[in-house]
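When the letters of the sequence shown are read in order and numbered with this note's numbering, they come out as residues -8 to 296.
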Amino acid sequence: YQGEDATGEQRGVMIVNAATTHKDKTWLLQHLDQNEVRFQDLSPEKVLIAVQGPKATSILQTLVQEDLTSIKAFGHLEGTVLDKPAFLARTGYTGEDGFEVMVDLDVGIELWRSLINAGVIPCGLGARDTLRLEAAMALYGQDIDDTTTPLEAGLGWLVHLDTKGDFIGRSVLEQQKVAGVQRRIVGLQMQGRNIARHGYQVLSTGVVVGEVTSGTLSPTLGYPIALAYVPTELATVNQQLEVEIRGKAYPAVVVKRPFYRSKIVSVTNTKLLSVMVGWVSLSFKPTYAVLNDIFRMQTGISAES
-8 YQGEDATGEQ
2 RGVMIVNAAT
12 THKDKTWLLQ
22 HLDQNEVRFQ
32 DLSPEKVLIA
42 VQGPKATSIL
52 QTLVQEDLTS
62 IKAFGHLEGT
72 VLDKPAFLAR
82 TGYTGEDGFE
92 VMVDLDVGIE
102 LWRSLINAGV
112 IPCGLGARDT
122 LRLEAAMALY
132 GQDIDDTTTP
142 LEAGLGWLVH
152 LDTKGDFIGR
162 SVLEQQKVAG
172 VQRRIVGLQM
182 QGRNIARHGY
192 QVLSTGVVVG
202 EVTSGTLSPT
212 LGYPIALAYV
222 PTELATVNQQ
232 LEVEIRGKAY
242 PAVVVKRPFY
252 RSKIVSVTNT
262 KLLSVMVGWV
272 SLSFKPTYAV
282 LNDIFRMQTG
292 ISAES
């Protein structure tokens, strides 16, 4: 998110994957103009608690002064939680409606306890990983990495090549836009109960054509699902493929993503997801432009520090 500090300077905060905090910090320091931007790593000072699910709004609202219904999807505001400064965004990584709340560490502990007292049930990273996969959300290090582009990964909606201004990688994406990509990420539904895991090979008529990046047995749908990269000509819905599992090929079919789309329902339970987050603060001089493109039947909440 971005805004202005007390001095009127532009500022921006990037929330990155905790597992890649050092990598992202190193990359930013390599590319930022230190004469124009002041850099600060806030990771040791902040915690992120993600409240996810159909009851997230009503439960969190009891702890927040601002009207949470005024925050639209992907919107955010700087407000208060438990009468302490907080950043609230209507975002998440589960495919469910909900919020991510960023506060100081001591406030995070108090907030976590308040949510527990409100009846929220803690929920771990394994559950969140299943939810994000059912929603076909990419995981960095598995589904996307330094070798993939947004156009290959189905994230072209985040790339605005029709706007002015340059950015790292723009020329490559413009070329891919014109020529087309050689491979694309697809959703796979496995036939039977065999689960395709990360790194398993994808076959077409017995020939290796791609690789699975994420896979699990979907508890919501009741059958195995996976994400994989395959040649563009095979990345069509209903395309019949196979996945090699322990030396044997098992049938799979390309299906639409997401595998599951959340529905608004009324429930009584909430859950807490515990994960980690990295924070990077950038303070800009006034003339420096800021680019900021960057539970099913229960509700989940995620604490990240």
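All residues carry an ideal CB built from backbone N, CA and C; glycine is no exception.
Return the residue from the list Gln167, Phe158 and Gly213 that minimises the CA-CA distance to asparagine 185.
-> Minimum Cα-Cα distance from asparagine 185 among the listed residues Gln167, Phe158 and Gly213 corresponds to Gly213.
What first and last residue would you give for the alpha helix (DSSP H) that runs through arginine 123?
-> Where arginine 123 is concerned, the enclosing alpha helix (DSSP H) stretches over 116 to 125.
Integer-rounded CB distance, given that serine 253 should sit under 8 angstroms from glycine 86 | For glycine 86 against serine 253, the beta-carbon gap comes to about 5 angstroms, under 8 angstroms, which counts as contact.
Where in the region 179 to 252 do unbroken runs of the beta strand (DSSP E), each at least 3 residues long, occur, reported from the N-terminal end onward?
-> Entirely contained in the region 179 to 252, the beta strand (DSSP E) runs reaching 3 residues are, in chain order, 192 to 195, 198 to 208, 215 to 222, 231 to 236 and 239 to 246.
So leucine 73 packs on valine 92, CB below 8 angstroms; how close in whole Å?
-> Not a contact, Cβ separation roughly 10 angstroms.
On the premise that alanine 127 lies in contact with leucine 218, defined as a C-beta separation below 8 angstroms, what is that separation, rounded to the nearest angstrom?
-> Going by Cβ atoms, the distance from leucine 218 to alanine 127 rounds to 7 angstroms, so yes, they are a contact pair.
Tell whether a beta-carbon distance below 8 angstroms holds between threonine 121 and proline 35.
-> Proline 35 sits away from threonine 121, with the two beta carbons spaced by 8 angstroms or more.
Using CA coordinates, which residue listed in Gln52, His189 and Gly156 is at the minimum distance from alanine 129?
-> With distances taken between CA atoms, alanine 129 lies nearest to His189 out of Gln52, His189 and Gly156.
Check the C-beta distance from aspartate 62 over to leucine 39 and give it rounded, since I have them as a contact under 8 angstroms.
-> The displayed chain sequence assigns isoleucine, not aspartate, to residue 62. About 16 angstroms separates the beta carbons of isoleucine 62 and leucine 39, which is beyond the 8 angstroms limit, so they are not a contact pair.
Minimum length 3: unbroken beta strand (DSSP E) runs contained in the region 28 to 106 | Listed in chain order, they are 28 to 32, 37 to 43, 67 to 72, 75 to 80 and 89 to 95.
Just to confirm, are aspartate 88 and proline 141 a CB contact at a threshold of 8 angstroms?
-> Judged by beta-carbon spacing, proline 141 lies beyond the 8 angstroms limit of aspartate 88, meaning their Cβ atoms are not closer than that value.
Kindly indicate the opening and closing residues of the alpha helix (DSSP H) around valine 169.
-> Note, valine 169: alpha helix (DSSP H), 161 to 170.
Could you tell me whether the region 188 to 207 touches the region 224 to 238, where touching means 3 or more Cβ pairs closer than 8 angstroms?
-> Contact between the region 188 to 207 and the region 224 to 238 is present, because at least three Cβ pairs lie under 8 angstroms.
Could you tell me whether the Cβ atoms of alanine 187 and isoleucine 135 are closer together than 8 angstroms?
-> Alanine 187 is not a Cβ neighbour of isoleucine 135, given a cutoff of 8 angstroms.
Please list, in chain order, all residues of the same chain as valine 246 whose beta carbon is under 6 angstroms from its beta carbon, the five residues on each side excluded.
-> A distance below 6 angstroms between beta-carbons, with the five flanking residues on each side excluded, links valine 246 to the following residues of its chain, in chain order: Gly178 and Gln180.
Assumed close pair glycine 83, alanine 118 - CB separation to whole angstroms, cut-off 8 angstroms = With a Cβ gap of about 13 angstroms, glycine 83 and alanine 118 do not count as contacting.
Could you give the DSSP three-state label for asparagine 8: helix, strand or coil?
-> Strand, per DSSP.
Helix or strand or just coil, what does DSSP make of glutamine 25?
-> Three-state DSSP puts glutamine 25 in coil, outside helix and strand.
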